[in-house]
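Each residue of the sequence shown is one higher than the one before, counting from -11 in the working numbering.
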Amino acid sequence: MPTVLDEAILLRRFPYSESSLVARVFSRRHGKIGLLARGAHRPKSRFYCVLDHFDTLELEWRHQPGRELMELRGGDVKTRRAVIATDLETYRAGAVACELVDLACPAGQREQGTWERLSRCLDELSSGERPAWEAAVAFELGFLEEHGICPALELCASCGGAAPPPDPREERACFSASCGGRLCQRCSDEARDSGRRVGTMPLDVLTAASQLLRRRPEGERITPLDAPLLVRLKDFVERFIDHHLEVRAKARGEFLAADDRNTRAALRAQELSR
Ligand SMILES: [Zn+2]
-11 MPTVLDEAIL LRRFPYSESS LVARVFSRRH GKIGLLARGA HRPKSRFYCV LDHFDTLELE
49 WRHQPGRELM ELRGGDVKTR RAVIATDLET YRAGAVACEL VDLACPAGQR EQGTWERLSR
109 CLDELSSGER PAWEAAVAFE LGFLEEHGIC PALELCASCG GAAPPPDPRE ERACFSASCG
169 GRLCQRCSDE ARDSGRRVGT MPLDVLTAAS QLLRRRPEGE RITPLDAPLL VRLKDFVERF
229 IDHHLEVRAK ARGEFLAADD RNTRAALRAQ ELSR
């Protein structure tokens, strides 16, 4: 039975029998896979303290493609990011990123782009070089783009033309998650006529999302987003993902239980409370 060696990030782990562990990991070259770590709970096990969240691991397993669980043979920590779990918001941001991969990536499929984005996000969370939620939201937008479901942020999702605010006195563009994002007035009317849900989205949120996505990954100085805008950006991205995912993700459930933070009424309330 051939064994393979690959880098991996833990997505979820469950106890299995008395002393073993099942780990679902996202690996660099083999995508999302399930591993059985026999005896992992025994202090003398070679996996003891290896299978932790947010670290980049180096794992060796018996490769049996198509199997739901493959046997873990060896493991080591390549990049330790234990610091992520020491701050609640940073931990939550990391959990949201890992959970998205767990829920939305098909098993056994190599996804190089997603691997790089997830590693970068965890590095940023670990180094604290940008606000935790900015790193997580940037990852999520990149993930959506990687999978061809990123919302249209600048042009009309439907006709590809310009999509200026329908009311020039108001900085809001037509937006529909089910139509793929921002819309021009004409396409928004058509979508409404065909029974789709169309609303509006503040321009500052769309612009911030677009900038976060276009930012060059390495080297560029990052100016943190203004905190209230970051919360609204997170609201926008989480709701869009929630619309597209079939299952409600646990890590983002509490945040999404609140009312939409980008409606006119919510924005007015935020203005008043400042
Ligand atoms: Zn259009």
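By construction, the Cβ of each residue, glycine as well, lies at the ideal position given by its N, Cα and C atoms.
beta-carbon residue i near ligand 1 non-hydrogen atom, thresh 7 Å
{"i": "Gly149", "result": "yes"}
{"i": "Leu267", "result": "With the chain running from -11 to 262 in the structure shown, residue 267 is simply not present."}
{"i": "Ser164", "result": "no"}
{"i": "Ser182", "result": "no"}
{"i": "Cys93", "result": "no"}
{"i": "Cys37", "result": "no"}
{"i": "Cys167", "result": "no"}
{"i": "Arg236", "result": "no"}
{"i": "Cys86", "result": "no"}
{"i": "Ser114", "result": "no"}
Residue i and residue j closer than 8 Å at C-beta
{"i": "Ser198", "j": "Leu143", "result": "no"}
{"i": "Leu200", "j": "Leu129", "result": "yes"}
{"i": "Phe224", "j": "Met189", "result": "yes"}
{"i": "Leu45", "j": "Glu(-5)", "result": "yes"}
{"i": "Val(-8)", "j": "Trp49", "result": "yes"}
{"i": "Gly62", "j": "Arg108", "result": "no"}
Given residue i as reference, the closest of the options once Cα atoms are compared
{"i": "Ala83", "options": "Leu(-1), Val(-8), Pro212", "result": "Leu(-1)"}
{"i": "Ala263", "options": "Arg80, Arg69, Leu221", "result": "The question about residue 263 has no answer, for the chain in this structure spans -11 to 262."}
{"i": "Arg157", "options": "Glu87, Leu191, Phe228, Arg227", "result": "Leu191"}
{"i": "Arg17", "options": "Lys238, Ile229, His231, Gln97", "result": "Gln97"}
{"i": "Lys66", "options": "Thr78, Cys37, Ala254", "result": "Cys37"}
{"i": "Gly54", "options": "Leu171, Arg252, Leu23", "result": "Leu23"}
{"i": "Val71", "options": "Asp64, Glu104, Leu113", "result": "Leu113"}
Where residue i falls, given that 16 or more other Cβ within 10 Å makes a residue buried
{"i": "Ala85", "result": "buried"}
{"i": "Thr102", "result": "buried"}
{"i": "Leu106", "result": "buried"}
{"i": "Thr74", "result": "exposed"}
{"i": "Ala28", "result": "buried"}
Residues of its chain near residue i, where Cβ-Cβ distance is below 7 Å and the 5 sequence neighbours each way are ignored
{"i": "Arg185", "result": "Ser164, Ser166"}
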